[in-house]
Amino acid sequence: MPSSRGYTLPELLITMALIALLTAIGLPFFKQTLERQRLENKMHLLSSQFAGARLAAITQQTPVSVCPSRGDNKCRQDSNWSNGWITYRDSSRKPQPISSKAILYQEQITNNGSLSIISTSGRPRVRFLPDGRNAGSNISIRFCNNDRLFGLIVINNLGRIRSQRILNTQTCSTDQKIKNGLTIPKTSQKETPFQ
């Protein structure tokens, strides 16, 4: 009669210890990957929303604005986009949607407090004209995670939208200016056009 072969207790304990060790090492990296993916998704969502607003302005031949949301179908009047945004037809050039029918899209963000989305100071909304141009000056929107700059969305005067990840660990202070994807403290910045 052949003897049945199985795992011994020491082999099983060594295997369990290796699994526990690999889990303990890998779990923090997995958490960072999930957080990075969540931030990238929000960045792509807002970037595609800007592209959709620009397309709507061109196809409907009416200005379309995107603004940070207060949460009640109204726009915030500051540069904080962290709670979401509203896209609306803006033929009357108002800082708020004139009615709920004017709203084309609304995105609310559940935020655990670590994510902040901040636009250029003095630019509480982005307005696309019927020819696709951005009404106003260039705007940069910073995506920050725990006060670290994660990425940017930049919209130039012609309405071109680009987004980029920031791979270094710059702080996401509000007293900094963005140039070529890098923040420059106000004390040392030179007034050169954004390229």
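Following the working numbering, the numbering of the sequence shown begins with 2 at its first residue and continues without gaps. Each residue gets a CB set at the ideal place from its N, CA and C atoms; glycine is no exception.
Residue i versus residue j - alpha carbon distance
i, j, result
"Pro29", "Gly85", "28 Å"
"Ile118", "Arg143", "6 Å"
"Gly152", "Leu130", "26 Å"
"Leu56", "Thr34", "32 Å"
"Leu19", "Leu13", "10 Å"
"Ile201", "Arg39", "Past the boundaries of the shown model lies residue 201; the chain is included only from 2 to 196, so the question cannot be answered."
"Arg37", "Cys173", "16 Å"
"Trp82", "Ser70", "7 Å"
"Ser93", "Cys76", "15 Å"
"Gln196", "Asn157", "Unreliable positioning characterises Gln196 in this predicted model, as indicated by a pLDDT of 34, which lies under 50. A coordinate reading is not provided."
"Ser100", "Gln78", "17 Å"
Whole-Å CB distance - residue i paired with residue j, under 8 Å assumed
i, j, result
"Asn108", "Gln50", "In the sequence on display, residue 108 carries Glu and not Asn. Contact flag correct, Cβ pair sits at about 7 Å."
"Leu168", "Asn146", "About 13 Å separates the two Cβ atoms, so there is no contact after all."
"Asn74", "Pro96", "The pair is not a contact, with the Cβ atoms about 13 Å apart (cut-off 8 Å)."
Secondary structure of residue i, DSSP reduced to three states
i, result
"Asn113", "coil"
"Leu168", "coil"
"Thr9", "coil"
"Ser49", "helix"
"Ile26", "helix"
"Thr60", "helix"
"Ser101", "helix"
"Arg39", "helix"
Residue i vs residue j beta-carbon contact at 7 Å
i, j, result
"Tyr106", "Thr88", "yes"
"Arg166", "Val155", "no"
"Val67", "Ala54", "yes"
"Arg124", "Ile110", "no"
Of the listed residues the options, nearest to residue i (C-alpha basis)
i, options, result
"Gly127", "Asn74, Gly114, Leu159", "Correcting the residue type first, residue 127 is Val in the shown sequence and not Gly. Among Asn74, Gly114, Leu159, the Cα nearest to that of Val127 is on Leu159."
"Arg149", "Ser138, Asn157, Ser48, Gln171", "Gln171"
"Thr63", "Asp132, Arg161, Ser138", "Asp132"
"Asn135", "Asn112, His45, Val65, Leu22", "Val65"
"Asn112", "Thr24, Gly72, Gly7, Phe31", "Gly72"
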